[in-house]
Structure formats: structure tokens, C-alpha cells
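**Q** Here the numbering used here is used: position 111 in the sequence shown is 271, and no number is missing along the way.
Dropping a structure here in C-alpha cells format, bear with me for questions.
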Amino acid sequence: MSGILFPLVAVAGIALLLTFVGQRLSPVVAATTAMLTLITGATTTIPVIFHLSMSWLVSMPDVGPLVHNALHRSGVHLLPQTWLVVVAPMFVAVAVVRTTYVVACHRRLRRGCGGEVHTIPDTEIFAYALPGPGGDIVLSQGLKNALTRNELDVVLAHERSHVVNRHDLWLLAGRICAAINPLFVRSFSMLRCALERAADADAVRVCGDRRLVAQTIAKVALGSSRRHHVLGAATFGVSARVRELIDVDSGRDRWITLLSVTGVISGAALCIFQWKRVIDAVATMCGV
């Protein structure tokens, strides 16, 4: 049984290591690395949970013998019972509930084409882009009152970057992967921070002033509350993003990029190995 879990544990370890170098990667590379890591983590988790759940199903008093006999006639056998077999169905139930919640939240917030800017009569300071193609941008009246015209242009450029590049789909896919296996929640944090950094970079290209962008993000963050299911200028990783904008020398090295590529490739190889191990395990004699 430990042999079946080893690839999954190894992929989770690689994912954790990559989160420590995410800030030293360019925003696009960091986002791609995080997304591929999350997908690899989810696809490595699924075969293990499937195998353990099938083992649990075989152990059921009424259904079990029928399933076992059907598998036996095909020459397929499952491994002996362990405590993990009991945990697997609960894990599946939690993953299904979490994934359903993530998709429901996305659908509730999703907007169609339009790309309009809406102002909400709220004294709190916030700005965010709603998910969906051509998603709308929401600003509070408090934000408009607190910012200068140039600072407001920075916020709009940041939010439009999220809309144009469909960062909401990246966020949705990352949330689903993290819902399947919470071990990869830090990779999701890396993804979310990278998407915000990418929007910051687009805002710099539009406005042409890194310090103005950094100042605006910090100013919005001081007066805003965190919103978990939308992308906004001050919703995640503010301090690290401000430091990166102020420090022109971001300290990115080629070896860091090479390390991330190696990590992603290694994770993919382990994922393939995981599927092979599970297929081999399902075909192993259970000794019954």
C-alpha cells in the first residue's frame, strides 16, 4: 500500500518545494508552473482514491461479493483491506462537496459579455473583476473617493488584465484541483499570487510607472477586506507584489526557471508512474 502512496507523496513534496521559488519566477512562468503542478497533483490523486474506494466497495456486505466476483471473473483483484480503504470514501465525499461549492460560487458570480464598470455605493475600499468572458469590473464609491485619477487608472488596468486574460478560468481550475487534494493548497496560493503579479505587470505597461502601481496597490489594500472568489488589485499577496514592483532587480535566475521546469516534468513522470502502480495493484492477487 505504501508503494501506491509514494508517487502522490513525492508529487506533493515537489509542489511544496516549487512554492518557495514562485516569487523568483516571472508571473507567467510562475502561474504556468503552479497550474501544471495542481493538475498533476489532482491526476495523481484520482487513481489512488479510485483504487481505495473500489476496495471499500468490495468490503460491503451485500454489494461487495457481487463486485468481487465480477472482478474475479476478469482476473482482477484488489489489495487487502487497510485503514486507508475506510478513509477513502470520506475523502471522496469531501472532495465532491468542495468541488461542487467551488463551481457553484463561480457560476453565481459569472457574468456574460459586457465588460462594463459598475460603481457600488459602498464606503469600503475595494475593486474586483467578475468571472466570465468580458466580465464586469466592480468598484466601490469609497475606492473612487480615496484614489486620484491616475491611481484609478492603475486599478482599472489591473482588473482589465484579469478579464482579458481570463484569469478566472485559471482560478477555477486551480480551485478544483486543490479541492480534490488539499495537500496542494499552497500551489493554489502560488497560482493566485502569480495571476495578481501578471495583472500588476500589465498595469505597469499601461501606466508606465512601477512606483505608482505599487503605491496604488498598497493604498487599496490598506482600506479593503479580502474577497476569496474574485480577482482584485488588493486581494492576495500584496506585500510581496509591492516589493517586487519597487525592486526593479527581481533576482530571477535561469536556474530557478530550470528548477521549476524540472519539478513539473518530474511530477508528470510520477503521475504516470502512479497510474501504472495502481493498475498493477488492482491486478494483484488479494489472497482471498
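Heads up, the beta-carbon is just placed ideally off N, CA and C, and yes, glycines get one too.
Only a predicted model underlies this, so the values are computations on that prediction, with no experimental measurement involved.
Does the separation of the CB atoms of residue 171 and residue 192 fall below 7 Å?
**A** No, the Cβ-Cβ distance between residue 171 and residue 192 is not below 7 Å.
**Q** Going by beta-carbon coordinates alone, are residue 420 and residue 185 separated by less than 7 Å?
**A** Contact flag set, yes.
**Q** According to DSSP, is residue 349 helix, strand or coil?
**A** Reduced to three states, the DSSP call for residue 349 is helix.
**Q** Throw me the rounded Cβ distance for the residue 279 and residue 299 pair, which I believe falls under 8 Å.
**A** At roughly 5 Å, the Cβ-Cβ gap stays under 8 Å, so residue 279 and residue 299 are in contact.
**Q** What does a CB cutoff of less than 7 Å around residue 174 pick up in its chain, not counting 5 residues either side in sequence?
**A** For residue 174, where only same-chain residues beyond five positions count, the Cβ hits under 7 Å are 423, 426, 427.
**Q** Which same chain residues end up closer than 7 Å to residue 168 when comparing Cβ atoms and leaving out the 5 residues on each side of it in sequence?
**A** Cβ neighbours of residue 168 beyond the five flanking positions: 204, 205, 208, 434.
**Q** Is residue 200 buried or exposed, if buried means 16 or more other CB atoms sit within 10 Å of its CB?
**A** Buried, since its Cβ has 16 or more Cβ neighbours within 10 Å.
**Q** For residue 376, which three-state DSSP category applies?
**A** Note: residue 376 maps to helix in three-state DSSP.
**Q** Please list, in chain order, all residues of the same chain as residue 283 whose beta carbon is under 6 Å from its beta carbon, the five residues on each side excluded.
**A** Once the five neighbours on either side are set aside, the close Cβ partners of residue 283 are 302.
**Q** Can you check which of these residues, 438, 430, 437, 417, is closest to residue 187 by C-alpha distance?
**A** When each option's Cα is compared against that of residue 187, the closest is 417.
**Q** Which whole-angstrom value describes the C-beta separation of residue 202 and residue 341, a residue pair presumed to lie in contact below a C-beta threshold of 8 Å?
**A** The Cβ separation is near 6 Å, so the contact holds.
**Q** With DSSP as the reference, please indicate the residues paired to residue 297 in a beta bridge.
**A** Its beta-bridge partners are 277, 289.
**Q** Alpha carbon to alpha carbon, what distance is there between residue 178 and residue 429?
**A** About 16 Å.
**Q** For residue 407, count neighbouring C-beta atoms within 10 Å of its own C-beta (all shown protein chains included) and say buried if the count is 16 or more, exposed if not.
**A** By the neighbour-count rule (16 or more Cβ atoms within 10 Å), residue 407 is not buried but exposed.
**Q** With H, G and I counted as helix, E and B as strand and the rest as coil, what does DSSP make of residue 319?
**A** Residue 319 falls in the helix class under three-state DSSP.
**Q** So, under 8 Å CB-CB, residue 294 and residue 323 are touching, yes? Tell me the CB distance rounded to an integer number of Å.
**A** Yes, residue 294 and residue 323 are in contact; Cβ-Cβ is about 7 Å, under 8 Å.
**Q** Could you tell me the distance, in whole angstroms, from the CA atom of residue 370 to the CA atom of residue 405?
**A** Looking at the two C-alpha atoms, the distance is approximately 6 Å.
**Q** Compute the Euclidean distance between the alpha carbons of residue 166 and residue 439, then round it to the nearest angstrom.
**A** Distance between the alpha carbons of residue 166 and residue 439: 15 Å.
**Q** Per DSSP, what kind of secondary structure is residue 313 in: helix, strand or coil?
**A** If DSSP states are grouped into helix, strand and coil, residue 313 belongs with the helices.
**Q** When the Cα atoms are used, what is the spatial distance from residue 432 to residue 264?
**A** Distance between the alpha carbons of residue 432 and residue 264: 31 Å.
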